[in-house]
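Colleague:
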Amino acid sequence: MNLKLWISLAVGSLSTAAIAQDSNELVIDGETLVTETAAPAHLEDFDTIYSGWRFRSRETQALETDDFDNPAFVFVDQGLDLWEEVDGSAGKACASCHEDVEDFAGLRTQLPRVQDGELVAMEDLVNGCRTERMGAEPWKWSGGNMTAMTALIGLQSRGMPVGVKIDGEAAPFWEKGKELYYTRVGQLDMACSNCHENNYGVMIRADHLSQGQINGFPTYRLKNAKLNSIHARFKGCMKNIRAEPFKEGGDEFKALELYLASRGQGLSVETPSVRN
Amino acid sequence: MKRAIGLAAIAAMTVSAALAETVAPTNVTLADGVIEASLTGQPGDPVEGRKVFANRKQGNCLACHVNSDLSEEIFHGEVGPPIDGVADRWSAGELRAIVTNSKMVFEGTIMPAFYIDSGYERPLEDFAGKSILSAQQVEDVVAYLMTLKEE
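Residue numbers (the UniProt record's numbering), protein chains in the order written: chain A, 1 to 276; chain B, 1 to 151.
#1: So residue 27 of chain A and residue 267 of chain A are in contact, right, with Cβ under 8 Å, and what is the actual spacing, rounded?
#2: Nearest by alpha-carbon distance to residue 123 of chain B: which of A/262, A/160, A/136 and A/185 is it?
#3: Distance, Cα to Cα, residue 228 of chain A vs residue 212 of chain A?
#4: Residues of chain B with CB under 9 Å from residue 185 of chain A, in chain order?
#5: Would the stretch 198-209 of chain A count as touching the stretch 251-258 of chain A if we require 3 or more Cβ pairs under 8 Å?
#6: Look up residue 196 of chain A in the DSSP assignment and say whether it is helix, strand or coil.
#7: Relative to the C-alpha of residue 112 of chain A, which residue among A/275, A/273, A/276 and A/262 is closest?
#8: Looking at the unbroken alpha helix (DSSP H) that takes in residue 51 of chain B, where does it start and where does it end?
#9: What residues from the stretch 66-84 of chain B come within 7 Å of chain A, judged by C-beta to C-beta, listed N to C?
#10: Mapping the DSSP letters down to three states, classify residue 78 of chain A as helix, strand or coil.
#11: Should the stretch 98-116 of chain A be called in touch with the stretch 234-250 of chain A, which here means at least 3 C-beta pairs below 8 Å?
#12: Would you mind giving the Cβ-Cβ distance between residue 25 of chain A and residue 274 of chain A, rounded to the nearest angstrom? I have them listed as a contact below 8 Å.
#13: So that I know if they touch, is there some Cβ in chain B lying closer than 7 Å to that of residue 199 of chain A?
#14: Tell me the residue span of the beta strand (DSSP E) that contains residue 28 of chain A.
#15: Determine, using beta carbons only, whether residue 244 of chain A comes closer than 7 Å to chain B.
#16: Any Cβ of chain B within less than 7 Å of the Cβ of residue 22 of chain A?
#17: Suppose you measure from the CA of residue 198 of chain A to the CA of residue 84 of chain A; what does that come to, to the nearest Å?
#18: By the DSSP assignment, the beta strand (DSSP E) with residue 48 of chain A in it spans what residues?
#19: Give a yes or no on whether the minimum CB-CB distance between residue 204 of chain A and chain C is below 7 Å.
#20: Mind checking residue 39 of chain B: buried by the 16 CB within 10 Å criterion, or exposed?
#21: Name, please, each residue of chain A whose Cβ falls closer than 7 Å to the Cβ of residue 63 of chain B.
#22: Identify, in the order they occur along the chain, each residue of the same chain with its Cβ nearer than 7 Å to the Cβ of residue 97 of chain A, setting aside the five sequence neighbours on each side.
#23: Given this structure, state the Cα-to-Cα distance separating residue 115 of chain A from residue 248 of chain A, to the nearest angstrom.
#24: With contact counted as at least three CB pairs below 8 Å, one residue from each stretch, are the stretch 74-91 of chain B and the stretch 148-163 of chain A in contact?
#25: Could you have a look at residue 78 of chain B and say whether DSSP puts it in helix, strand or coil?
#26: If you follow the beta strand (DSSP E) that residue 226 of chain A is part of, which residue opens it and which one closes it?
#27: Determine the DSSP secondary structure at residue 117 of chain B, reduced to helix, strand or coil.
#28: Applying a beta-carbon distance threshold of less than 7 Å, which residues of chain A neighbour residue 112 of chain B?
#29: As an exercise, report each continuous alpha helix (DSSP H) stretch of at least 4 residues that is fully enclosed by the stretch 126-197 of chain A, in chain order.
#30: Are any of the Cβ atoms in chain A nearer than 7 Å to that of residue 53 of chain B?
#31: Could you tell me the boundaries of the beta strand (DSSP E) in which residue 119 of chain A lies?
#32: Buried or exposed, going by whether 16 or more other CB atoms sit within 10 Å of the CB of residue 210 of chain A?
#33: Between which residues of its own chain and residue 80 of chain B is the CB-CB distance below 7 Å, once the five residues before and five after are set aside?
#34: Between which two residues does the alpha helix (DSSP H) harbouring residue 275 of chain A extend?
#35: So, with DSSP's three-state summary, where would you put residue 231 of chain A?
#36: Could you tell me how far apart the beta carbons of residue 49 of chain B and residue 143 of chain B are, in whole angstroms, since I believe they sit closer than 8 Å?
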């Protein structure tokens, strides 16, 4: 960790964990990321949106500020290997068709998006290339290969503002996602909004509740020491309230993903982020 | 040997007597924010109730309520109001109603209803048709809450 960073962390730690979202800045490689900004107009009950990074402890935050310390980069490197790796009946790798992974700068900010009347997530695009262009097996939605690849591709957009399209063809998907966000489920009978809209900033037992933003995915979690997909996180939150999760990669979670992305419009892509 | 069997038989009788008087979740009458009668027909055990309050797989009340009486537990949530002195603010019948079905007392609350076995959507299979707490556990928690007095 460099000295400047150490100082900013030391100053930041004067405030308590509970108000972490009001106090500090995320600087990676000299670039300041937007972790706090005005809420998009469609969010009626919110003035300000915050990245989940703002709610983590100093120690966890620090891991994301330097790519050498960020444990997610082990997986980004795996993603780079996979990028070059020939697989499938067509004898191709990603690199056979895409000149440079950097060409994907900006893609993360737009997903999920509607193509040919369907809502597609980054995982769909990756598997589309694998099955249709490479003649390879699709990867599991939240499997290690997939999260390594979505981390590598997402990283190319780091620092760019989330900006998904929610009108026109996207509108019905967005509406559906919104409805899911506010619907109570599970034996504990809670909606995403109960925790992430009405109670962000407070402790729920050992966890500091954030706004449940998805700008940092896939996320490296200290809890399971691997990259976690957006849908795997949704699944985890549903299971915690003893609800039967929707299917990873299914219509419900993709709609929810679009809606959640839209709640974070303007936050910087932080991929790959570190959380606990 | 004989004596042991005798005791077991008596214990079994007590259990079935208690079961006979237990009010099923669907039969609970909650009127004006109060449930007067014990759900088991008997007083709860505050010592057990204290455990249910803290246990993550049971009440996990501590996930949302700060409770000075449980200072040995490090993590106390802040989603709900601190529970200290709760018996000064509410009667046993009111507390029983809050724990049984908080939504009948606080409209739109995030606090789960601990003694209902239907009316929620998409439960995980293991929990379908079940209440979070048993009638006995609700009574134990209520008995425990009644010990939390400050005045």
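Even for Gly, the Cβ is constructed at its ideal location relative to N, Cα and C.
Modeller: Reading it off the structure:
#1: About 15 Å separates the two Cβ atoms, so there is no contact after all.
#2: Residue A/185 is the option with its Cα nearest to residue 123 of chain B.
#3: Each residue's alpha carbon lies about 14 Å from the other.
#4: Neighbours of residue 185 of chain A in chain B, taken as residues whose beta carbon is under 9 Å from its own, are 120, 121, 122 and 123 in chain order.
#5: By the C-beta criterion, the stretch 198-209 of chain A is judged not to be in contact with the stretch 251-258 of chain A, since fewer than 3 inter-stretch pairs fall below 8 Å.
#6: Correct three-state label for residue 196 of chain A: helix.
#7: With distances taken between Cα atoms, residue 112 of chain A lies closest to A/262.
#8: According to the DSSP assignment, residue 51 of chain B belongs to the alpha helix (DSSP H) that extends over 46-54.
#9: From the stretch 66-84 of chain B, only 75, 77, 78 and 79 have a Cβ closer than 7 Å to chain A.
#10: It is helical.
#11: Cβ pair count under 8 Å is below three, so no.
#12: That belief does not hold up - the Cβ atoms of residue 25 of chain A and residue 274 of chain A are roughly 16 Å apart, past 8 Å.
#13: Chain B, which has a Cβ nearer than 7 Å to the Cβ of residue 199 of chain A, makes this yes.
#14: Segment 26-28, the beta strand (DSSP E) holding residue 28 of chain A.
#15: So yes, residue 244 of chain A belongs to the interface.
#16: Interpretation of residue 22 of chain A is limited by its pLDDT of 49, a score under 50 that renders its predicted location unreliable; the figure taken from the coordinates is listed afterwards. So, not an interface residue.
#17: Residue 198 of chain A and residue 84 of chain A: Cα-Cα distance of roughly 45 Å.
#18: That run of the beta strand (DSSP E) goes 48-50.
#19: In the structure shown, chain C cannot be found, because the protein chains are A and B.
#20: It is buried - the Cβ of residue 39 of chain B has at least 16 other Cβ atoms within 10 Å.
#21: Residues of chain A passing the Cβ test: 204 and 205.
#22: Closer than 7 Å at Cβ, skipping near neighbours: 133.
#23: If I take the Cα positions, the gap works out to 19 Å.
#24: Taking 8 Å as the limit for Cβ pairs, the verdict is that the stretch 148-163 of chain A does not touch the stretch 74-91 of chain B.
#25: Correct three-state label for residue 78 of chain B: coil.
#26: Taken as a continuous stretch (DSSP letters only), the beta strand (DSSP E) holding residue 226 of chain A covers 226-228.
#27: In the three-state reduction of the DSSP assignment, residue 117 of chain B falls in the coil class, being assigned neither a helical nor a strand state.
#28: One finds 188 and 189 in chain A with Cβ atoms closer than 7 Å to the Cβ of residue 112 of chain B, taken in chain order.
#29: If only complete runs of 4 or more residues are kept, the stretch 126-197 of chain A shows the alpha helix (DSSP H) at 144-155, 171-182 and 192-196, in order along the chain.
#30: False, the Cβ-Cβ gap to chain A never drops below 7 Å.
#31: Here the beta strand (DSSP E) through residue 119 of chain A covers 118-120.
#32: Taking a 10 Å sphere around the C-beta of residue 210 of chain A, we find 16 or more other C-beta atoms and assign the residue as buried.
#33: The answer, listed in chain order, is 64, 65 and 111.
#34: Going by DSSP, residue 275 of chain A is part of no alpha helix (DSSP H) but of the beta strand (DSSP E) stretching over 273-275.
#35: The answer is helix: DSSP assigns residue 231 of chain A an H, G or I state.
#36: The beta-carbon separation of residue 49 of chain B and residue 143 of chain B, rounded to 5 Å, stays under the 8 Å limit for a contact.
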